[in-house]
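The sequence shown maps to residues 306 to 619 in this note's numbering. All residues carry an ideal CB built from backbone N, CA and C; glycine is no exception.
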Amino acid sequence: MNINQDNINDFLNKYIDFTNNLSSKNNYPNNIKHVLYLIIPAFVMKYGIREERNILSCFENVPIYISDKTNKLYTAYFNRRLYSKMEDGLIKYYSSKEVVINNYYDTTLIDLIDSLAHEFNHAVNSIANEIKWNDEEVSLRTGLSYIHFFRSDINKVKSRSKDITLEEIINTKQTEDIINIINSFNNYSILNEEFANTLYSLKHDIDDKGYKSNAYFFQSYICKELMKNRTFIPTIENLRFKGNVDDIEKWFDDITNIPGSYHNLTTLLDEILKDESYLIKSKWFKKYKINKIRAKSRRVLDIVDIFDKNCIYR
306 MNINQDNIND FLNKYIDFTN NLSSKNNYPN NIKHVLYLII PAFVMKYGIR EERNILSCFE
366 NVPIYISDKT NKLYTAYFNR RLYSKMEDGL IKYYSSKEVV INNYYDTTLI DLIDSLAHEF
426 NHAVNSIANE IKWNDEEVSL RTGLSYIHFF RSDINKVKSR SKDITLEEII NTKQTEDIIN
486 IINSFNNYSI LNEEFANTLY SLKHDIDDKG YKSNAYFFQS YICKELMKNR TFIPTIENLR
546 FKGNVDDIEK WFDDITNIPG SYHNLTTLLD EILKDESYLI KSKWFKKYKI NKIRAKSRRV
606 LDIVDIFDKN CIYR
């Protein structure tokens, strides 16, 4: 998408009008409306004008709910509930969705933008092929990962896939991309005063090297070469957006030429995240946990290195 000073204001005004209507419909407060001014056009630029309808539909159909609860770890989260309907004599499954913001009045602007962009990016990458089912289970996709529910009782979780942490790492990288797109609007003269004021407030929170999120920092660090790999990222982003994620494991293993390498990578990342959480909470056996994290991290780095070296284009 070729944006320049001649067309930037027409481009932004289209999404400002959309956001005004959306905010009026859902009774969003002004501070949320002003953040959406920045986020929505950045999503369209990230995924391309051909996906505009899907992007806007996502923001229309995934309302923001503001909670009065305080959570020191999470400013926001993407929430869904499965439900079923009888159609033409068959049971079909759907989801209701929302992005929940916890009490955010002490949250900085950049953290609020990061949180909202992160959760809506999960939502955008869960549009296509969101739900599948068989005789025993109903599976709900979030990006790369699935939660599997018992078909006999869709309120009960049967299992979760082992790639949740990799999903979060990729989502964090894309959130950084989106915020860097937002920051690029500072290169232009913006006529809408509300947009320009919110944008100016953001400018000094991002340095010249670009925005870096604090989310999943350690996991993102050990996977940084994978996130820079020009075979891995475009392929994963495309398959994830289109919901064609079931063949990723075979594709990855074919490149490493090691069966089970993708499964090992995702399982190790999930285990490292759990070990890190345990380490923060526990007063005992810290050295033991640190050594376990180091050992698993070295195994992740080995898998990433093999994948990277075997890629023709990296």
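Query raised in the report: For the beta strand (DSSP E) that contains K402, what are its first and last residues?
Result: As a first step, residue 402 must be located in the sequence shown, where it is residue number 97. Residues 395–406.
Query raised in the report: Within 10 angstroms of its Cβ, does M350 collect 16 or more other Cβ (buried), or is it exposed?
Result: Residue mapping note: residue 350 aligns to position 45 of the sequence shown, counting from 1. That one is buried.
**Report entry** Where the beta strand (DSSP E) through W438 begins and ends
**Finding:** Looking up residue 438 in the sequence shown gives position 133. Element bounds for W438: 436–438.
**Report entry** Cα-Cα separation, D373 to N497
**Finding:** By 1-based counting over the sequence shown, the position of residue 373 is 68. By 1-based counting over the sequence shown, the position of residue 497 is 192. D373 and N497 have their alpha carbons spaced roughly 31 angstroms apart.
Requested in this report: Would you list, in sequence order, the uninterrupted beta strand (DSSP E) runs of no fewer than 3 residues that lie entirely inside the segment 342–389?
Outcome: With a minimum length of 3 residues, the continuous beta strand (DSSP E) runs that stay inside the segment 342–389 are 369–371.
Query raised in the report: Who are the Cβ neighbours of K461 in its own chain at under 8 angstroms, not counting the five residues just before and after it?
Result: Translated into the one-based positions of the sequence shown, residue 461 becomes position 156. In chain order, F454, F455 place their CB closer than 8 angstroms to the CB of K461, counting only its own chain and leaving out the 5 sequence neighbours on each side.
**Report entry** Cα-Cα separation, N615 to C528
**Finding:** Against the sequence shown, residue 615 aligns to sequence position 310. Against the sequence shown, residue 528 aligns to sequence position 223. Approximately 16 angstroms between the Cα atoms of the pair.
Report task. Please say whether Y516 and E481 have beta carbons closer to each other than 7 angstroms? Result -> Position 176 of the sequence shown holds residue 481. Position 211 of the sequence shown holds residue 516. Between E481 and Y516, the CB-CB gap stays under 7 angstroms.
Requested in this report: Verify whether the separation of the beta carbon atoms of Y493 and I369 is less than 7 angstroms.
Outcome: Taking the first residue of the sequence shown as position 1, residue 493 is located at position 188. Taking the first residue of the sequence shown as position 1, residue 369 is located at position 64. In this structure, I369 does not lie closer than 7 angstroms to Y493 by Cβ.
Query raised in the report: Where A428 and F500 are concerned, what is the direct C-alpha to C-alpha distance, given to the nearest angstrom?
Result: Along the sequence shown, one-based indexing puts residue 428 at 123. Along the sequence shown, one-based indexing puts residue 500 at 195. Straight-line Cα distance between these residues: approximately 24 angstroms.
Report task. Please determine, among N359, S362, Y451, the residue with the shortest C-alpha to C-alpha distance to L387. Result -> The residue labelled residue 387 in the question sits at position 82 within the sequence shown. If we check each option's Cα against that of L387, Y451 comes out closest.
Requested in this report: Determine, using beta-carbon pairs with one atom in the segment 329–342 and one in the segment 376–385, whether at least three such pairs fall under 8 angstroms.
Outcome: With fewer than three CB-CB distances shorter than 8 angstroms, the segment 329–342 does not count as touching the segment 376–385.
Report task. Within its chain, find whatever has a CB closer than 7 angstroms to the CB of I321; leave out the 5 residues flanking it on each side and keep chain order. Result -> Counting from one through the sequence shown, the residue named residue 321 turns up at place 16. For I321, where only same-chain residues beyond five positions count, the Cβ hits under 7 angstroms are Y342, N497, F500.
Query - Cβ separation of E435 and L445, assumed to be a contact under 8 angstroms, to the nearest whole Å - result: As a working mapping, residue 435 is identified with position 130 in the sequence shown. As a working mapping, residue 445 is identified with position 140 in the sequence shown. E435 to L445, Cβ: 7 angstroms. Contact.
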